[in-house]
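J.: Submitted below is the structure of interest, expressed as structure tokens.
Residue numbers (the numbering used here): 84 to 383.
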């Protein structure tokens, strides 16, 4: 039976309450590390590389966008961060003898906030690319690609390679914005109407726009689209194949080279002892696992 747009929004809203995403941006909370059990105690040689200000209070202040389930989102209390990014970084922090305090902020503000010192690190599914590496130190920890999604049955007939004139939802500040801009330019160069790109501050708003049929499709990182479809499969379906796979990176200020070494070493230790794999498997994203963590890896 066909579901009305009003009903579609209600379905998505119910999913958001239970974990697809949260509309409560801007709140902050300490990280909930109760689900993470590091398999080894703190590595003292790595802990020695941690900046004194962080070491003294024993807490890493983490900037995170909690609208990106299953990577980063809020619990039902509307303030506590959860997701596999959260579990993984909490385990990595523990290897440095530290706790992670996760503070919610809009994704598009996080890079600048880390550079300014507002947060000591950014942990929010940042795809590593040359532009970001010019601004920051990035420690790789996962591989993800881009995926499209549309309404069930694809009523607009959109495809990734035939989207000219269609309305497409995307989160601000993501690599997918550049993707859509390039596609739109190709359309106009071919004498066709460009894409109508709707940019949203939060991924949950982009997803809602597609479910409500305000937009014809959306694109986001592959785990995000897959999770959304798994939650509202009666309303959404994946569109096309995953492409442009690239690593995610933890983001640190450009001058924090020793701290980056500590984070990279702790990430590699988590990979080597199996705690990394356990977190990814728990959240069903182990297909993006890496075997070696690097600081500012060479990317195209």
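Beta carbons are placed, not taken as given, at the ideal position from N, Cα and C, and that holds for glycine.
In the DSSP assignment, find the beta strand (DSSP E) that holds residue 303 and state where it starts and stops.
T.: Here the beta strand (DSSP E) through residue 303 covers 300-304.
J.: Of the choices 183, 350 and 217, whose alpha-carbon is the least far from that of residue 164?
T.: Considering only alpha carbons, the answer is 183.
J.: DSSP three-state call for residue 213: helix, strand or coil?
T.: Looking at residue 213 - three-state DSSP - the assignment turns out to be helix.
J.: Would you identify the three-state DSSP class for residue 274, choosing helix, strand or coil?
T.: Coil, per DSSP.
J.: Who are the Cβ neighbours of residue 298 in its own chain at under 7 Å, not counting the five residues just before and after it?
T.: Correct list, in chain order: 250, 251, 252, 281 and 292.
J.: State the Cα-Cα distance for the pair residue 137 and residue 234, rounded to the nearest angstrom.
T.: Roughly 46 Å separates the two Cα atoms.
J.: What is the rounded straight-line gap between the Cα of residue 295 and the Cα of residue 156?
T.: Looking at the two C-alpha atoms, the distance is approximately 21 Å.
J.: What residue ranges within the stretch 175-259 form continuous alpha helix (DSSP H) runs of no fewer than 4 residues, ordered along the chain?
T.: The qualifying runs are 190-199 and 213-218.
J.: Can you tell me whether residue 128 is buried or exposed, with buried defined as 16 or more other CB within 10 angstroms of its CB?
T.: Looking at its Cβ environment, which holds fewer than 16 other Cβ atoms inside 10 Å, residue 128 is exposed.
J.: On the DSSP letters alone, give me the boundaries of the alpha helix (DSSP H) that residue 159 sits inside.
T.: Segment: none, residue 159 is in no alpha helix (DSSP H) and carries neither H nor E.
J.: In its own chain, which residues sit with a C-beta less than 8 Å from the C-beta of residue 309, not counting the 5 before and 5 after it?
T.: These residues qualify, in order along the chain: 230 and 321.
J.: For residue 283, write down the residues that DSSP places opposite it in a beta bridge.
T.: Bridge partners of residue 283: 254.
J.: Residue 330 and residue 373: beta carbons closer than 8 Å?
T.: In contact: residue 330 and residue 373 (Cβ atoms closer than 8 Å).
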